[in-house]
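K.L.:
If you read the sequences in order, they're chains A and B.
Heads up: the first sequence runs through residues 31 to 178, numbered per the working numbering.
Heads up: the second sequence runs through residues 272 to 560, numbered per the working numbering.
Just so you know, even glycine gets a beta-carbon here, dropped at the ideal spot from N, CA and C.
None of these values were measured; they are calculated from a predicted model.
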Amino acid sequence: MGLEKLNELTAEIENTDDRMLRSEILIDLAKEYAEAPESVAKRPFSEEHKSPACQSDAFVWVVRSGDSLTPFFTVENPQGLSAKALAAVLVKTCSGISIAEMREIEDGIVHRIFGPTLSMGKGEGLMGMIRKMKQLAEKAVKTEGLEK
Amino acid sequence: MGTGITSRGYAYPDVLVSCDWVQEHLKDPKVRIVESNEDPLLYPSNHIVGAVELDWARDLNDPIVRDYLNAEKFAATMSRLGISPDTTVVLYGDRNNWWSSFSFWILKLFGHADVRLMDGGRLLWEQQKRPLTREIPKYTAAQPYPTRVRDDKTIRAMREVVLEHVKNRGKLIDVRSPEEFSGKKLHMEGYPNEGALRGGHIAGARSVPWSRAVNTDTGEFKTAAELKAIYEGEAGLRSSDEVVAYCRIGERSSHTWFVLTYLLGYPNVKNYDGSWTEWGNLVGAPIEK
Numbered sequence: 031m032g033l034e035k036l037n038e039l040t041a042e043i044e045n046t047d048d049r050m051l052r053s054e055i056l057i058d059l060a061k062e063y064a065e066a067p068e069s070v071a072k073r074p075f076s077e078e079h080k081s082p083a084c085q086s087d088a089f090v091w092v093v094r095s096g097d098s099l100t101p102f103f104t105v106e107n108p109q110g111l112s113a114k115a116l117a118a119v120l121v122k123t124c125s126g127i128s129i130a131e132m133r134e135i136e137d138g139i140v141h142r143i144f145g146p147t148l149s150m151g152k153g154e155g156l157m158g159m160i161r162k163m164k165q166l167a168e169k170a171v172k173t174e175g176l177e178k
Numbered sequence: 272m273g274t275g276i277t278s279r280g281y282a283y284p285d286v287l288v289s290c291d292w293v294q295e296h297l298k299d300p301k302v303r304i305v306e307s308n309e310d311p312l313l314y315p316s317n318h319i320v321g322a323v324e325l326d327w328a329r330d331l332n333d334p335i336v337r338d339y340l341n342a343e344k345f346a347a348t349m350s351r352l353g354i355s356p357d358t359t360v361v362l363y364g365d366r367n368n369w370w371s372s373f374s375f376w377i378l379k380l381f382g383h384a385d386v387r388l389m390d391g392g393r394l395l396w397e398q399q400k401r402p403l404t405r406e407i408p409k410y411t412a413a414q415p416y417p418t419r420v421r422d423d424k425t426i427r428a429m430r431e432v433v434l435e436h437v438k439n440r441g442k443l444i445d446v447r448s449p450e451e452f453s454g455k456k457l458h459m460e461g462y463p464n465e466g467a468l469r470g471g472h473i474a475g476a477r478s479v480p481w482s483r484a485v486n487t488d489t490g491e492f493k494t495a496a497e498l499k500a501i502y503e504g505e506a507g508l509r510s511s512d513e514v515v516a517y518c519r520i521g522e523r524s525s526h527t528w529f530v531l532t533y534l535l536g537y538p539n540v541k542n543y544d545g546s547w548t549e550w551g552n553l554v555g556a557p558i559e560k
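#1: For residue 468 of chain B, tell me which candidate among B:288, B:435, B:438 and B:548 has the shortest Cα-Cα distance.
#2: Report the rounded CA-to-CA distance for residue 334 of chain B versus residue 98 of chain A, giving the unit in angstroms.
#3: List, in chain order, every chain D residue whose beta-carbon is nearer than 8 angstroms to that of residue 340 of chain B.
#4: Give the residues of chain B in contact with residue 111 of chain A, contact being defined as C-beta atoms less than 8 angstroms apart.
#5: Residue 101 of chain A and residue 157 of chain A: beta carbons closer than 8 angstroms?
#6: Counting only beta-carbon atoms, is residue 401 of chain B nearer than 8 angstroms to chain A?
#7: Compare the C-alpha of residue 53 of chain A against each of B:455, B:552, B:405 and B:496 and name the closest.
#8: Any beta carbon from chain A within less than 8 angstroms of residue 365 of chain B's own beta carbon?
#9: Just how far apart, CA to CA, sit residue 463 of chain B and residue 493 of chain B?
#10: Under the DSSP definition of a beta bridge, which residues are partnered with residue 91 of chain A?
#11: Less than 8 angstroms separating the beta-carbons of residue 386 of chain B and residue 360 of chain B?
#12: Count the C-beta pairs between the region 302–312 of chain B and the region 107–127 of chain A that are closer than 8 angstroms, then say yes if the count reaches three, no if not.
#13: Any beta carbon from chain A within less than 8 angstroms of residue 396 of chain B's own beta carbon?
#14: Would you give the residue range spanned by the beta strand (DSSP E) that residue 304 of chain B belongs to?
#15: Residues in the region 141–154 of chain A with C-beta within 9 angstroms of chain B's C-beta atoms, listed in sequence order?
#16: Let me see if you follow: with CB-CB separation under 8 angstroms, is residue 329 of chain B close to chain A or not?
#17: Count the other C-beta atoms from every protein chain shown that fall within 10 angstroms of the C-beta of residue 173 of chain A, then say buried if there are 16 or more, exposed otherwise.
#18: Consider the Cβ of residue 57 of chain A: report whether some Cβ of chain B lies at a distance smaller than 8 angstroms.
#19: Under three-state DSSP, which class holds residue 559 of chain B?
#20: Consult DSSP for residue 293 of chain B and reduce its assignment to one of helix, strand or coil.
#21: Rounded to whole angstroms, what is the Cα-Cα separation between residue 325 of chain B and residue 370 of chain B?
#22: Show which residues of chain B have a CB atom less than 8 angstroms away from the CB atom of residue 54 of chain A.
#23: To the nearest angstrom, how far is the alpha carbon of residue 482 of chain B from that of residue 84 of chain A?
#24: Under 9 angstroms Cβ-Cβ, which residues of chain A neighbour residue 393 of chain B?
#25: Is the distance from the Cβ of residue 331 of chain B to the Cβ of residue 372 of chain B below 8 angstroms?
#26: In angstroms with no decimal places, state the Cα-to-Cα distance between residue 165 of chain A and residue 401 of chain B.
#27: Run through the region 48–78 of chain A for me and flag every whole alpha helix (DSSP H) of 4 or more residues, listed as ranges in chain order.
#28: Which two residues bound the contiguous beta strand (DSSP E) that contains residue 542 of chain B?
#29: What three-state label does DSSP hand residue 483 of chain B in the structure shown?
#30: Excluding the 5 residues preceding and the 5 following residue 378 of chain B in the sequence, name in chain order all residues of the same chain whose CB lies nearer than 7 angstroms to its CB.
#31: List, in order along the chain, the chain A residues whose C-beta lies closer than 9 angstroms to that of residue 520 of chain B?
#32: Does any residue of chain B bring its CB to less than 8 angstroms from the CB of residue 115 of chain A?
#33: Mind listing the chain B neighbours of residue 60 of chain A? Cutoff is C-beta to C-beta under 8 angstroms, in chain order.
#34: Please state whether DSSP places residue 404 of chain B in a helix, a strand or coil.
#35: What residue range is occupied by the uninterrupted beta strand (DSSP E) comprising residue 516 of chain B?
#36: Alpha carbon to alpha carbon, how far is residue 516 of chain B from residue 169 of chain A?
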């Protein structure tokens with residue numbers, strides 16, 4: 031495992047200069063989104079898992095299995111396509127990574143993925159999903175004694 | 272579906288149109304349907320047949336200075352969307368018409384005469400399973416859009432106006448979440464700056480989160496009686512008041528500006544678009560928690 035998948039997908043989207051084509055890629059990714067299974071989280075979700083700046087009410091969980099971490103997301107706003115696309119990217123590329131790899135993920139990738147015209151509020155919301163994922167990953171390894 | 276628009280007691284009911292009205296006017300050359308969203312992926316994913324997109328970040332802002340586009344760029348944008356000065360512009364969008372209200376306000380800054388909102392926005396249109404398409408239309412404006420100077424005084428409040436308003440104990444409505452109003456939510460742990468150095472609210476402001484004006488199930492606006500109960504009964508406003516609404520960057524507060532101005536008929540409402548990202552960073556500005 032590693033961050034190769036995330037880096038590759040981010041670079042592929044970032045290098046798509048045509049705005050409409052980039053939107054198409056992200057819309058297709060949003061279609062791959064699946065909410066967190068009940069085995070991970072049941073409604074009502076704890077506020078601890080809510081991405082704080084996200085206007086689409088995105089909830090985040092990180093599940094440890096051995097020394098690998100897997101993120102899960104539920105986006106409550108049915109029209110929150112950008113949040114769903116980011117959730118799909120992170121689930122698709124970051125499932126099974128280590129805490130060291132998780133720490134390397136920069137929240138600024140949202141600007142590479144969604145493009146330079148991303149508004150401040152939207153950017154904050156999407157970055158909040160990554161920050162929450164990393165925060166919960168740290169918590170998971172602390173709880174399980176896997177800090178290193 | 273909620274109560275019909277005309278029976279809700281609004282001061283200016285014509286400014287709201289129903290989904291039925293929009294569907295009946297899809298091919299009306301005098302009407303341009305315009306989608307304005309918080310989520311930039313929604314319009315390309317699908318939209319009302321014949322609708323064009325007006326994106327806040329790309330289309331309405333100056334790319335360098337923190338301000339809106341100038342008169343020339345606004346005229347060019349309107350012409351690109353096939354909008355003439357006499358076009359009836361009907362805006363709709365996601366999140367209970369949050370961003371479409373903002374676009375409405377911008378169009379009014381430039382004096383566009385006939386602007387309306389589709390009640391219920393995208394949510395209600397989708398709920399009613401009305402037709403959507405991915406086809407992006409192209410229009411030519413029937414006549415060139417004139418270059419009009421933006422009016423930054425009548426419905427827009429700059430910080431000097433707000434400072435004076437506070438000094439005069441004028442009415443202020445903070446439309447952010449209660450956590451933002453109280454100053455509890457300024458940033459999340461480990462990320463100390465999400466746009467403002469100070470938390471809290473402008474001294475003297477009352478808290479009425481913007482979304483209280485709509486029925487969240489359908490996205491439709493509440494009746495005038497329900498709105499009065501909130502803004503007058505709870506927040507103590509009167510229609511004769513000069514009111515300044517604000518949020519973080521002025522988009523949520525444009526929704527409240529719309530409600531107070533058109534649904535309740537208040538003649539003196541301004542939107543402070545500098546909002547908390549300016550006030551919360553302004554040295555010496557009066558803040559309460």
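P.N.:
According to the structure shown:
#1: B:548
#2: 42 angstroms
#3: The question asks about chain D, but that chain is absent: this structure's protein chains are A and B.
#4: 310, 312, 313 and 316
#5: no
#6: no
#7: B:405
#8: yes
#9: Below a pLDDT of 50, predicted positions are generally treated as unreliable, and residue 463 of chain B, at 43, falls in that range; the measurement from the model is reported next regardless. So the alpha carbons of these two residues sit roughly 37 angstroms apart.
#10: A:102
#11: yes
#12: yes
#13: no
#14: 302–306
#15: 144, 145, 147, 148, 149, 150, 151, 152 and 154
#16: yes
#17: exposed
#18: yes
#19: strand
#20: helix
#21: 10 angstroms
#22: 315
#23: 16 angstroms
#24: 109
#25: no
#26: 41 angstroms
#27: 49–62
#28: 540–543
#29: helix
#30: 360 and 386
#31: 149, 150 and 151
#32: yes
#33: 312 and 316
#34: strand
#35: 514–517
#36: 40 angstroms
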